[in-house]
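Q: Take a look at the following structure, please.
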Amino acid sequence: MSDYRTYITQTGFALESDAKLNNSFVDHSVLVVGDGILPESASAAEQTDLLNQIREYPITIEKDSANPEVWIARGEIPIDDGGFMINEAGIKTPAGDLYAYSRQPGDYKPLLEEGQGTSYTLRLKFVPGNADAIQIKIDPAVQFATPTDLENAIKAHEDKADPHPQYATDEDFTKMAMVQVDTMHRQVQQEFRLLELEKKGVASVLF
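Residue numbering for the sequence shown follows the working numbering, beginning at 8 and increasing consecutively.
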């Protein structure tokens, strides 16, 4: 059975230790992907680099809302980038140190000219040895909406007194109905009055 979990590398643990000693954070700068295939017999934690790195992308790092001990690193492969297999991924520092490594299931990211223009979001879940050395990192160019974000947004929308001001409310329909009833009532009164006047021979004088 394939192991697609994300492992902190030995280099990554060393970076955490240094960050703790210096009262700082590990600088996770990019999410990297490659097409190398790490054998199941090899240790992901002992990797110092991807077997064959192809691309690197800006990274977003945040805590998993469902499990505070777990952190999630996200990176997005743009719609206009592709033409390669994703067999491995990792998290690197600005110096190129591999903080974490993960085997990937081998998805193919197509090119636009191949007929499939879609972006690809890669998510790596990891548990740091020293959470104090990890900080939330947001790429301003890429924002991700989690299921919790969507649920909160929908609830906030539904809780509004008038979430759709462009549409008629029940009160509006009631007012419209009252106006229609009043108009019909006036029309009936007018027709009745005309009938009475006709009987008296007055209606012909009015028209």
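Backbone N, C-alpha and C fix where the C-beta goes; we use that ideal spot for every residue, glycine too.
Could you give the DSSP three-state label for S24: helix, strand or coil?
A: For the purposes of this step, residue 24 is taken as the residue at position 17 of the sequence shown. DSSP places S24 in helix when its eight states are reduced to three.
Q: Work out the CA separation of V40 and S24 for me, nearest whole Å.
A: Along the sequence shown, read from residue 1 onward, the residue named residue 24 stands at position 17. Along the sequence shown, read from residue 1 onward, the residue named residue 40 stands at position 33. The alpha-carbon atoms of S24 and V40 are separated by roughly 26 Å.
Q: Distance check for H35 and I98, CA to CA, integer angstroms please.
A: Indexing the sequence shown from 1 puts residue 98 at position 91. Indexing the sequence shown from 1 puts residue 35 at position 28. Computed Cα separation, rounded: 7 Å.
Q: Would you call I84 buried or exposed, if buried means 16 or more other Cβ atoms sit within 10 Å of its Cβ?
A: Within the sequence shown, the letter at position 77 stands for residue 84. Buried, by the Cβ-count rule.
Q: Given a cut-off of 8 Å, decide if P112 and Y11 are closer than it, judged by their beta-carbon atoms.
A: Translated into the one-based positions of the sequence shown, residue 11 becomes position 4. Translated into the one-based positions of the sequence shown, residue 112 becomes position 105. For Y11 and P112, yes; Cβs fall inside 8 Å.
Q: Who does S109 pair with in a DSSP beta bridge?
A: Numbered from its first residue, the sequence shown carries residue 109 at position 102. Per DSSP, T13 and A96.
Q: Taking 8 Å as the limit between beta carbons, can you name the residues of its chain near V119, skipping five residues before and five after?
A: Stepping through the sequence shown from its first residue, residue 119 is reached at position 112. It is Leu, not Val, that sits at residue 119 in the sequence shown. The answer, listed in chain order, is I86, D87 and G89.
Q: If T18 sits next to L105, beta carbons under 8 Å apart, how far is it from one beta carbon to the other, in whole angstroms?
A: Along the sequence shown, read from residue 1 onward, the residue named residue 18 stands at position 11. Along the sequence shown, read from residue 1 onward, the residue named residue 105 stands at position 98. Between L105 and T18 the Cβ distance is about 6 Å, and since that is below 8 Å, they are a contact.
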